[in-house]
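Chains as they are written, first to last, in my numbering: chain V, 4 to 44; chain L, 355 to 590.
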């Protein structure tokens, strides 16, 4: 992986997967928190 | 409103986000300059737009809360500030993971990044301050005022790339995006908005139920005391 100093960025797929995984973990994690802390209806 | 209705935008949003992310990861063409790393934009840009809009939603709730002194507006402010904090924190981490392969560093104290970090801290500050105040009347005022103060930074963050010389690229809009990249990006935004609306609704319903329980618990012993006092007076 090279920084884009000479033009096109090479590689970096790991960062892409990390961003998508983190996005889903954050959304599903917070959804679980909201549902678990709703308390008795 | 039935609390369960909030599951509709949440579930629709999750399905739409799965489709949008599949589009961003698999179907969209590789970006000419950023290469594969450009695919981060399909997650990052919708998070940014939704995070900022949740800040605006929080501002509207805060104004309503201060104007009406009603608990519903205050609970809405709490829920939307919480979702805005979450999304802006996620935004900073996504941005750092994009910056490393493209800029060579995870973080730079550039105006866009710095103003976003201040936004996260100020929204988190609203939630911390709120947790420290136990009287609901004072809590409503503290939350309303601090949310409005924190919101001032939202337009500053949004326009920071225009107002200052910054490392961050210019703001993304329909005119700056090629057609083949658009659908996945806009579907991702719609998905994030639906998810945010569903989460704010569900969180508000949960918080409102808790507030009612707390009020019920404190109101009941007071009412009992009053009846006992009246009974004593009547007996004397």
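The beta carbon of each residue, even a glycine, is placed where N, CA and C say it ideally should be.
Checklist entry - According to DSSP, is residue 560 of chain L helix, strand or coil? => result Of the three classes helix, strand and coil, the one that applies to residue 560 of chain L here is helix, per DSSP.
Next on the checklist: Taking a contact to mean a Cβ-Cβ separation below 7 Å, would you say residue 493 of chain L touches residue 487 of chain L in this structure?
Outcome noted: In this structure, residue 487 of chain L lies closer than 7 Å to residue 493 of chain L by Cβ.
Checklist entry - By the criterion of Cβ-Cβ separation under 7 Å, what are the contact partners of residue 21 of chain V in chain L? => result For residue 21 of chain V, the chain L residues whose C-beta falls within less than 7 Å of its own C-beta are 451, listed in chain order.
Checklist entry - Of the choices V/12, V/42, V/33, whose alpha-carbon is the least far from that of residue 552 of chain L? => result Of the candidates V/12, V/42, V/33, the residue whose Cα lies closest to the Cα of residue 552 of chain L is V/33.
Checklist entry - Using a beta-carbon distance below 7 Å, is residue 391 of chain L in contact with chain V? => result Closer than 7 Å: yes.
Checklist entry - For residue 560 of chain L, which residues in chain V fall below 8 Å Cβ to Cβ? => result Those within 8 Å of residue 560 of chain L in chain V are 37, 40, 41, 42.
Item to check | residue 392 of chain L to residue 478 of chain L span [Cα, whole Å] | outcome: Straight-line Cα distance between these residues: approximately 30 Å.
Checklist entry - At a CB-CB cut-off below 8 Å, which residues of chain V make contact with residue 407 of chain L? => result Going along chain V, no residue has its Cβ under 8 Å from residue 407 of chain L, so there is no contact; the nearest lies around 16 Å.
Checklist entry - Would you report the Cα separation of residue 535 of chain L and residue 28 of chain V, rounded to the nearest angstrom? => result CA-to-CA, the gap between residue 535 of chain L and residue 28 of chain V works out to about 24 Å.
Next on the checklist: Alpha carbons only, please: which of L/559, L/489, L/376, L/389 is nearest the one belonging to residue 433 of chain L?
Outcome noted: The option with the nearest alpha carbon to residue 433 of chain L is L/559.
Next on the checklist: Just verifying my parser: in three-state terms, what is the DSSP assignment at residue 458 of chain L?
Outcome noted: In this structure, residue 458 of chain L counts as coil in the three-state DSSP scheme.
Checklist entry - From L/366, L/554, L/470, pick the residue whose C-alpha is nearest to that of residue 443 of chain L; which is it? => result Looking only at L/366, L/554, L/470, the smallest Cα-Cα distance to residue 443 of chain L is reached by L/470.
Checklist entry - Using a Cβ-Cβ distance under 7 Å, would residue 32 of chain V count as near chain L? => result So, not an interface residue.
Next on the checklist: Quick check on residue 552 of chain L: does DSSP put it in helix, strand or coil?
Outcome noted: Here residue 552 of chain L carries a helix assignment [DSSP, helix/strand/coil].
Checklist entry - Using a C-beta cutoff of 7 Å, does residue 553 of chain L count as contacting chain V? => result Cβ-Cβ to chain V under 7 Å: yes for residue 553 of chain L.
Checklist entry - Is the beta carbon of residue 480 of chain L less than 7 Å from the beta carbon of residue 504 of chain L? => result Remark: C-beta atoms of residue 480 of chain L and residue 504 of chain L approach each other more closely than 7 Å.
Checklist entry - In three-state DSSP terms, what is residue 523 of chain L? => result Collapsing the DSSP output to three states places residue 523 of chain L in coil.
Next on the checklist: Tell me whether the segment 411 to 431 of chain L and the segment 456 to 470 of chain L touch, counting them as touching only if at least three CB pairs, one residue from each stretch, are closer than 8 Å.
Outcome noted: Between the segment 411 to 431 of chain L and the segment 456 to 470 of chain L, the count of Cβ pairs shorter than 8 Å is below three; the stretches do not touch.
Checklist entry - For residue 15 of chain V, does the three-state DSSP call read helix, strand or coil? => result Reduced to three states, the DSSP call for residue 15 of chain V is coil.
Checklist entry - Within 10 angstroms of its Cβ, does residue 651 of chain L collect 16 or more other Cβ (buried), or is it exposed? => result Outside the shown range of chain L, which is 355 to 590, sits residue 651 of chain L, and nothing can be said about it.
Next on the checklist: Would you say residue 394 of chain L lies against chain V (beta-carbon separation less than 7 Å)?
Outcome noted: With its beta carbon less than 7 Å from one in chain V, residue 394 of chain L belongs to the interface.
Next on the checklist: Using the Cβ count rule (16 or more neighbours within 10 Å means buried), how would you classify residue 412 of chain L?
Outcome noted: Burial of residue 412 of chain L is indicated by the presence of at least 16 other C-beta atoms within 10 angstroms of its C-beta.
Item to check | Where the alpha helix (DSSP H) containing residue 363 of chain L begins and where it ends | outcome: Where residue 363 of chain L is concerned, the enclosing alpha helix (DSSP H) stretches over 361 to 376.
Item to check | For residue 467 of chain L and residue 522 of chain L, believed in contact at Cβ under 8 Å, the rounded distance | outcome: Cβ-Cβ separation between residue 522 of chain L and residue 467 of chain L: approximately 7 Å, consistent with a contact (criterion under 8 Å).
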